[in-house]
Amino acid sequence: MPEDLGIGESGLDWIDASGEFADIVLSTRVRLARNIQGHPFGVRARPHDRIRVNERMRELLPRVVPLRGARILEIPEMSARERALLLERRLASRELVGEKGNRAPAPGSALVLAPGASVSVMLNEEDHLRLQTLFSGLRVQEAWSVLDAMDDAVGAEVPYAFHPEFGFLTSCPTNVGTGLRASVLLHLPALVLTKEIGRVLQGISQVGLTFRGLYGEGSEVVGNFFQLSNQTTLGKSEEDLVDHLDRMVRQVIQYEQKARGVLLRDAASVTEDKIWRAYGLLRYARSLSFEEFMNLLSGVRLGVSLKLLPGLRVYSLNELMIYTQPAHLEEAAGRELAPAESEAHRAAYVRRVLAAEPVRTSEEGGGDSAAPEPAD
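In the numbering used here, each number is its position in the sequence shown, counted from 1, plus 744.
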C-alpha cells in the first residue's frame, strides 16, 4: 500500500467490503444538491460569490455536529495529482477537481471530509453544496439516514434556496425538487456473459433509473461495473426515491445471482477456465493497462464470489481497484510516470498483493498450490 499520500488515507472506509452483498455491490452513495439563499448560483456566480459561500461554510462547521472536526481541502491549493487522487477515490467529481485533475478548479471550491470519511461535502461544484455519504456494499437506507441528519443540521444554520411548489432549487433543472441522487455501484459480470445485461438495463430505465460507468456521469463502463441511480428528483419524496432504488437494486442483484447459477450449471468448465486465466494473468503479468486490469479483475472478483478462488478477500480486490489507478501509482512512485512505466508499476503492485494472499485449490488432495513468485 502506498505510504504518506498527500491526502493521507482519507476517504477509503467505503472499500472495506463490510456492507450487504459486498461481493456484488462495491458501494452505495447518496448525494443532495443544495444552494444557499442570497448567494448567486450556477452560471451567475462570480469568483467572489463562490469564495463567500466557502467562507460561510467554514464559519458554520463547528456548529454542525456531523461535520465537527472535518478537514477542509481547498481544491485550488492542491496539485493536479492530489486532485486526481480525490477523483480516483470517488470523493470528488470531475466538475469539482477539473477534468481528471488537470483543468484549473473554480475559486472557492473545496472538499469537506468529516471524521470517519463516510460523510463529506463538495463546495462550489455545480451547486453551492453537494452533501454526500459513501458506504461499502448495499446500504441505501443507512446512507440516506446519515445524509438526512446532516442535511437537517446544515439547513438549521443556513437557509436553503427553496420554492414551495418546485422544492429545492438547483443549477441544473434535472436536480430540482429533492436534489437527491442515490447510486449503487454493482459488479454484474454474469449478466454480461449471459448477454442479459441489455434487457436488465432497459428494464431499469423504464422504472425511473439510469446507469453510468465507474466514475459517474460521462464515464464508460469498465470491468463490468455499472452505477445505477435514480433518474428523477421531482414529484416524489426523498424516502420514496431511496426506497425505490433499494428495491430495484435488490432485484438486479437477484438477476445477477441467477445468471451466475446459469454459468455454473451450463458452462462450469468454461467459466472456471476464464476465472483462472484472469487470475494467472494478474498474478504474473509484467505490464497492465488499467482497462485490461479491470477486465481481468472482473473475472477474479467473480471467482472469489463463486468460491472458485478461496484465499482471496473482496477487500483486497477493492483495494487493488483504488491503488492501481494512474494518480495513485504516481503518488506511490513519487513522480510522474510515462504510460509504459505506469503499466509496469501497476502489474508489479498487483503481483505483490496477490502473492500475499495465495489462492488455495482442492485439486488432488487440496492444499495451497499457488506457484512461487518469480524474481523481478
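For glycine and all other residues, C-beta sits at the position ideal for the given N, C-alpha and C.
Ser1086: first and last residue of the uninterrupted alpha helix (DSSP H) it sits in | In the sequence shown, counting from the first residue as 1, residue 1086 sits at position 342. Where Ser1086 is concerned, the enclosing alpha helix (DSSP H) stretches over 1083-1100.
Could you check where the alpha helix (DSSP H) with Thr1015 kicks off and where it finishes?
-> Indexing the sequence shown from 1 puts residue 1015 at position 271. Note, Thr1015: alpha helix (DSSP H), 1012-1028.
Collapsed DSSP secondary structure at Gly921 in the structure displayed = Position 177 of the sequence shown holds residue 921. Residue state, collapsed to three classes: strand.
Just tell me which of Val1103, Phe955, Asp896, Phe912 has its CA closest to the CA of Trp1020.
-> Within the sequence shown, residue 1020 is the residue found at index 276, counting from 1. Looking at the Cα atoms, Val1103 is the closest of the given residues.
Identify the continuous beta strand (DSSP E) that holds Ser1042 and give its terminal residues.
-> What you label residue 1042 is simply residue 298 of the sequence shown in a count that begins at 1. Unbroken run through Ser1042 is the alpha helix (DSSP H), 1034-1049; no beta strand (DSSP E).
Exposed unless 16 or more other CB atoms sit within 10 angstroms - verdict on Arg833 | Looking up residue 833 in the sequence shown gives position 89. Arg833 is buried by the Cβ-count criterion.
Which class does Met745 belong to by DSSP, given the choice of helix, strand or coil?
-> On the sequence shown, residue 745 is found 1 positions in, with the first residue counted as 1. Any reading at Met745 must be qualified, since the residue scores a pLDDT of 40, below 50, and its modelled position is unreliable; the value itself is stated next. If DSSP states are grouped into helix, strand and coil, Met745 belongs with coil.
Can you check whether the CB of Val928 is closer than 8 Å to the CB of Leu878?
-> As a first step, residue 878 is located in the sequence shown; it is residue number 134 there, counting from the start. As a first step, residue 928 is located in the sequence shown; it is residue number 184 there, counting from the start. For Leu878 and Val928, no; Cβs fall outside 8 Å.
Return the CA-CA distance between Ser1013 and Val1006, expressed in angstroms with no decimal places.
-> Reading the sequence shown from its first residue, position 269 is the one you call residue 1013. Reading the sequence shown from its first residue, position 262 is the one you call residue 1006. So the two alpha carbons sit approximately 12 Å from each other.
Which whole runs of the beta strand (DSSP E) in the region 834-894 are 3 residues long or more, in chain order?
-> 854-857, 863-867, 873-880
Buried versus exposed, by CB contacts within 10 Å (16 or more), Ala1084 | Within the sequence shown, the letter at position 340 stands for residue 1084. It is exposed - the Cβ of Ala1084 has fewer than 16 other Cβ atoms within 10 Å.
Buried/exposed call for Glu1080, threshold 16 Cβ in 10 Å | Walking along the sequence shown from the start, residue 1080 turns up at place 336. Burial call: exposed.
Going by Cα to Cα distance, which pick from Arg788, Leu805, Pro859 is closest to Leu756?
-> Position 12 of the sequence shown holds residue 756. That would be Pro859, whose Cα lies nearest to the Cα of Leu756.
Beta-carbon proximity of Leu1032 to Val1048, cut-off 8 Å | Here residue 1032 refers to the residue found at position 288 when the sequence shown is read from its first residue. Here residue 1048 refers to the residue found at position 304 when the sequence shown is read from its first residue. For Leu1032 and Val1048, no; Cβs fall outside 8 Å.
Quick one: what's got a C-beta closer than 6 Å to Pro820's C-beta in the same chain, skipping five residues either side?
-> The residue labelled residue 820 in the question sits at position 76 within the sequence shown. Same-chain partners within the cutoff: Pro849.
Which residue's Cα is closest to the Cα of Gly899: Asn968, Val951, Met801?
-> By 1-based counting over the sequence shown, the position of residue 899 is 155. Measuring from the Cα of Gly899, the nearest candidate turns out to be Met801.
Assign His931 to buried or exposed, taking buried as 16 or more other Cβ atoms, counted over all protein chains shown, within 10 Å of its Cβ.
-> What you label residue 931 is simply residue 187 of the sequence shown in a count that begins at 1. Per the 10 Å Cβ criterion, buried.
Could you tell me which uninterrupted alpha helix (DSSP H) segments, each at least 4 residues in length, are contained entirely in the region 804-836, listed from first to last along the chain?
-> 824-832
How is the alpha helix (DSSP H) around Ala789 delimited, first residue to last?
-> Working through the sequence shown from its first residue, we reach residue 789 at position 45. Looking at the DSSP string, Ala789 is not in any alpha helix (DSSP H), and its letter there is neither H nor E.
Give me the Cα-Cα distance between Arg773 and Ser880, rounded to the nearest whole angstrom.
-> Mapped onto the sequence shown, residue 773 falls at position 29. Mapped onto the sequence shown, residue 880 falls at position 136. Whole-angstrom Cα-Cα distance: 9 Å.
Note the first and the last residue of the continuous beta strand (DSSP E) segment covering Val769.
-> Your numbering for residue 769 matches position 25 in the sequence shown. First-last of the beta strand (DSSP E) with Val769: 769-778.
Classification of Gly763 by the beta-carbon crowding that lies within 10 angstroms, buried from 16 upward = Numbered from 1 along the sequence shown, position 19 holds the residue referred to as residue 763. Answer is buried; the Cβ neighbour count reaches 16.
Looking at Arg807 and the ligand NAP, is the gap between the Cβ and the nearest heavy atom below 7 Å?
-> Questions concerning the ligand NAP fall outside what the structure shown contains, since it holds no ligand whatsoever.
Alpha-carbon spacing of Glu901 relative to Val808, whole angstroms = By 1-based counting over the sequence shown, the position of residue 901 is 157. By 1-based counting over the sequence shown, the position of residue 808 is 64. Rounded to whole angstroms, Glu901 to Val808 spans 8 Å at the Cα level.
Where DSSP assigns a beta bridge to Leu953, which residues make up the other side?
-> Along the sequence shown, one-based indexing puts residue 953 at 209. The partner list for Leu953 (beta bridge, DSSP) reads Asn974.
Out of curiosity, what's the CA-to-CA distance linking Glu1074 and Ser1042?
-> On the sequence shown, position 330 is the one that residue 1074 refers to. On the sequence shown, position 298 is the one that residue 1042 refers to. Distance between the alpha carbons of Glu1074 and Ser1042 is about 24 Å.
Label Gly842 either buried or exposed according to how many other C-beta atoms from any shown protein chain fall within 10 Å of its C-beta, with 16 as the threshold for buried.
-> Position 98 of the sequence shown, counting from 1, holds the residue named residue 842. That one is buried.
What did DSSP end up calling Gly750 once you bin it into helix, strand or coil?
-> One-based indexing of the sequence shown puts residue 750 at position 6. Legend: pLDDT at Gly750 = 47, less than 50; position of this residue unreliable, value from coordinates given subsequently. Correct three-state label for Gly750: coil.
Say whether the region 909-917 touches the region 944-955, bearing in mind that this needs 3 or more beta-carbon pairs closer than 8 Å, one atom from each stretch.
-> no
Whole-angstrom Cβ separation of Glu869 and Ser853, contact assumed at under 8 Å?
-> Within the sequence shown, residue 869 is the residue found at index 125, counting from 1. Within the sequence shown, residue 853 is the residue found at index 109, counting from 1. Contact holds; Cβ gap of about 7 Å.
Any idea which residues DSSP pairs Ala926 with across the strands?
-> Working through the sequence shown from its first residue, we reach residue 926 at position 182. According to DSSP, which records beta bridges pairwise, Ala926 is partnered with Val774.
Leaving out the 5 sequence neighbours to the left and right, which residues in its chain are closer than 7 Å to Pro851 when beta-carbon positions are compared?
-> Stepping through the sequence shown from its first residue, residue 851 is reached at position 107. Result list for Pro851: Pro791, Arg794, Ile795, Pro820, in chain order.
For Ile947, three-class secondary structure by DSSP = In the sequence shown, the residue the question calls residue 947 occupies position 203. It is worth fixing the name first, because residue 947 is Gly in this sequence and not Ile. Residue state, collapsed to three classes: helix.
Among residues of its own chain, excluding the 5 on either side of Leu913, which ones have a beta-carbon nearer than 7 Å to its beta-carbon?
-> Counting from 1 along the sequence shown, the entry for residue 913 is found at position 169. Excluding sequence neighbours, Leu913 sits near Asn779, Ala905, Phe906, His907, Val920.
Of the choices Pro933, Gly1078, Asp990, Arg1004, whose alpha-carbon is the least far from that of Leu1040?
-> The sequence position of residue 1040 within the sequence shown is 296, counting from 1. Out of Pro933, Gly1078, Asp990, Arg1004, Pro933 has the C-alpha closest to the C-alpha of Leu1040.
Would you kindly work out how many angstroms separate the C-alpha atoms of Asn798 and Ala1011, rounded to a whole number?
-> Position 54 of the sequence shown holds residue 798. Position 267 of the sequence shown holds residue 1011. Their Cα atoms are separated by approximately 56 Å.
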